[in-house]
Structures are given as C-alpha cells and as structure tokens.
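In the UniProt record's numbering, the protein residues as written are 1 to 315. Some notes on the structure that comes next.
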Ligand SMILES: Cc1cc2nc3c(=O)[nH]c(=O)nc-3n(C[C@H](O)[C@H](O)[C@H](O)COP(=O)(O)O)c2cc1C
C-alpha cells in the first residue's frame with residue numbers, strides 16, 4: 001500500500017515535507033501544492049522553491065500543476081522533465097471559482113473535449129503523468145467521460161477525491177460513486193478523501209480491499225503518526241513523540257527564519273501551521289488560541305512553550 005501526502009496549499013510546502021521526512025517518516029510519496037503560471041508566463045519564486053531541488057531530493061516528490069491550455073501543459077512538461085522528475089500531476093480537482101472560471105482545476109471536468117485536445121496536442125510522454133480529480137464540477141457524472149480519455153493517453157494513475165467541486169469540502173465523500181468507478185477501473189484509481197483515523201482507513205479498505213494507493217491530507221496534519229499506524233509500524237511513546245513534535249516545530253521555524261524577511265512573514269507561516277499542529281495536544285483550542293493571538297516572535301515563543309507544557313492527546 002502506498003501512502004502519499006495530499007497537496008495542501010499553505011500547509012504541505014517544502015519546509016513541512018523536509019521536516020516531516022527527517023523527524024517523523026512513514027509517507028511513501030509527496031505531492032507539491034499546485035504550481036500555476038503567472039500572467040507574465042513565468043512561475044513565481046515561492047512556487048519554484050517547491051520543485052527546484054533542495055535537500056528534499058526528487059525521487060518521492062511529485063510536482064503538481066494547474067493548467068487549462070496546451071501552451072501551459074507544454075511549459076510544465078518541459079520544466080519538470082528538465083528538473084528530472086519521474087512523474088508530474090495535473091490538478092483537475094481544485095474547486096475554487098477563481099480557478100474553475102478559467103477552465104482549470106475541476107473547471108475542466110465538464111469539458112472532456114478540452115482535456116482530449118490538451119493531451120493530444122501537448123503531452124510528449126517525457127515524464128509520467130498522473131491526474132488528481134473530483135467526480136465533477138456540478139455533476140458527479142462528469143468523471144465518466146474524463147477517465148477513458150486519460151487512460152487512452154497513457155496517464156498512469158488517477159487519484160479520485162469523490163466529491164464535486166461545488167461541494168468544496170462539505171458533505172461526505174461519495175463512496176458509492178467511487179465504487180462504480182473502481183469496479184470499472186480497479187487500481188488505475190487511487191483514493192483520497194477524509195481519511196483522518198485508522199478507523200476511516202479501515203472503512204475504505206473494507207469496501208475496496210485491493211486499493212494500492214491512498215492519498216491523505218488533513219488526517220496526516222492532525223496526526224503525524226497516521227501513516228505508521230496504518231502500516232502497523234510501532235509508534236513512539238508519548239514523551240518521545242513530544243520530542244519529535246518539538247524537533248519538527250523547531251526545524252520548520254528555523255527554516256522559515258532562514259529565508260523569509262522579518263517577523264511578520266515568519267508569523268504568517270507559523271500561525272496556519274498550528275491550525276493542525278495544535279490538534280496533537282490536549283487543550284488544543286487553548287493552544288491554538290495562544291499561538292494565534294501572540295504578537296511578535298517573543299510572544300510566539302512563549303505560546304509555543306505553553307503548548308509544549310500540555311500533554312499530548314491520548315491515543
Ligand atoms: C487548505 C487546502 C489546500 C489544498 N490545496 C490543494 C492543492 O494545492 N492541490 C490539490 O490537488 N489539492 C489541494 N487540496 C485538496 C487536498 O489535496 C485533498 O484532496 C483534500 O483535502 C481531501 O483529502 P483529505 O480529506 O485527506 O484532506 C487542498 C485542500 C485544502 C483543505
């Protein structure tokens with residue numbers, strides 16, 4: 001079973017991924033949050049940092065891109081293949097109107113002819129291609145016309161998040177629709193959505209026991225040891241876990257400090273990080289509140305001390 005980390009813009013950046021691999025481990029593959037071309041046709045520096053090799057190494061890292069035209073597709077295939085990636089991932093799932101209105105993300109799903117045109121005219125097979133998608137934009141049947149096109153054009157795997165774009169993250173993943181697709185396409189499909197505990201994982205596996213790839217996002221951010229729990233790897237004792245969480249935090253704090261300018265920018269990264277990180281602690285609400293209201297690095301560090309004085313949540 002391959003467990004991959006879902007891309008979460010603003011959370012699973014290179015700093016997070018690097019620290020996670022060093023201090024926690026258990027994830028087999030990482031996906032970058034999406035890269036997108038700017039109006040001037042280039043890629044912004046923050047996005048370049050995600051893919052241009054750092055210590056992270058690129059073997060287990062899959063860069064993801066948003067695109068709605070042959071030109072954009074060609075740009076990304078050339079860019080990623082020149083950086084020697086083995087695989088790139090096309091985002092057809094992003095639900096936000098700013099993206100879908102431009103015919104990107106899940107905005108592509110009602111337009112199979114567009115997907116076909118882009119693949120036929122742009123894809124040169126320089127690099128393996130995978131796709132991450134939803135069931136549709138407004139209609140959960142959109143995907144039925146898209147999957148055969150992807151298969152015909154040599155896309156190696158499709159990761160399905162079984163919601164429609166319009167839902168954003170509301171409601172439950174539609175396992176029954178995923179089941180229809182899985183019956184037809186089997187392990188050509190990977191599963192993603194709402195696996196937050198071992199129990200959730202088991203529920204999915206009870207229905208689709210042959211799955212060989214699940215992608216997990218928020219569940220891992222809430223419980224860094226979820227991949228190891230799933231794989232049956234021993235989890236460190238609470239005091240050791242706390243040490244690892246502290247090492248993880250310190251590394252992230254230090255890495256942001258190494259290239260960001262000024263306290264404000266660093267705080268803009270650290271505060272969202274605690275939205276999920278605080279969930280490892282008892283009194284998670286108090287912990288997150290203390291971090292959120294801290295002004296400046298000194299106060300922030302006091303709030304961090306307060307957090308680490310709490311017990312970790314019980315198993
Ligand atoms: C804050 C946030 C940012 C996200 N950014 C991306 C992204 O850059 N690319 C992408 O394909 N999906 C993105 N997603 C969707 C996740 O990858 C994933 O499909 C979704 O969270 C469901 O999986 P989960 O329940 O395991 O988190 C994002 C989701 C959230 C909540």
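Even glycine gets a Cβ: it sits at the ideal position worked out from N, Cα and C.
Check                                                                                                            : Outcome
Runs of alpha helix (DSSP H) lying entirely within the stretch 5 to 37, each at least 4 residues, in chain order : 14 to 23
Proximity to residue 109 [Cα-Cα], best of 72, 128, 121 and 150                                                   : 150
Given residue 252 as reference, the closest of 12, 5, 3 and 6 once Cα atoms are compared                         : 12
heavy atom of ligand 1 below 7 Å from residue 194 C-beta                                                         : yes
Exposed unless 16 or more other CB atoms sit within 10 angstroms - verdict on residue 4                          : buried
Spatial distance of residue 154 from residue 73 (CA atoms)                                                       : 15 Å
Supposed close pair residue 146, residue 112 - CB separation, criterion 8 Å                                      : 5 Å
When 134, 70 and 156 are compared against residue 121, the one with the closest alpha-carbon                     : 70
Continuous alpha helix (DSSP H) assignments of at least 4 residues falling wholly in the stretch 81 to 163       : 97 to 100, 112 to 122 and 142 to 152
The stretch 77 to 89 / the stretch 118 to 134 touching (three or more Cβ pairs under 8 Å)                        : yes
Three-state secondary structure assigned by DSSP to residue 224                                                  : coil
Beta-carbon proximity check, residue 198 vs residue 229, cutoff 8 Å                                              : yes
Best match in 117, 132, 118 and 115 for proximity to residue 93 [C-alpha to C-alpha]                             : 132
Secondary structure of residue 281, DSSP reduced to three states                                                 : strand
Beta-carbon separation (whole angstroms), residue 222 vs residue 276, contact threshold 8 Å                      : 5 Å
Distance, residue 18 Cα to residue 55 Cα                                                                         : Because residue 55 sits at a pLDDT of 48, beneath the cut-off of 50, its placement in the model cannot be relied upon, and the following sentence gives the value as read from the coordinates. Whole-angstrom Cα-Cα distance: 8 Å.
Distance cut-off 7 Å: residue 16 Cβ against heavy atoms of ligand 1                                              : no
heavy atom of ligand 1 below 7 Å from residue 94 C-beta                                                          : yes
For residue 200, the nearest candidate out of 177, 89, 188 and 215 (CA to CA)                                    : 215
Limits of the beta strand (DSSP E) - the one that residue 191 falls within                                       : 189 to 192
Terminal residues of the alpha helix (DSSP H) in which residue 297 lies                                          : 296 to 308
Reference residue 224, options 305, 27 and 130, closest by Cα                                                    : 27
Cβ-based neighbour list, residue 140, same chain, cut-off 7 Å, excluding 5 preceding and 5 following             : 164, 174 and 177
Residue 34 beta carbon near ligand 1 (any heavy atom closer than 7 Å)                                            : yes
Any non-hydrogen atom of ligand 3 within 7 Å of residue 8 CB                                                     : Looking for ligand 3 in the displayed structure turns up nothing; the ligands present are ligand 1.
Residue 66 and residue 104 closer than 8 Å at C-beta                                                             : yes
Residue closest to residue 272, alpha-carbon to alpha-carbon, out of 171, 186, 262 and 287                       : 287
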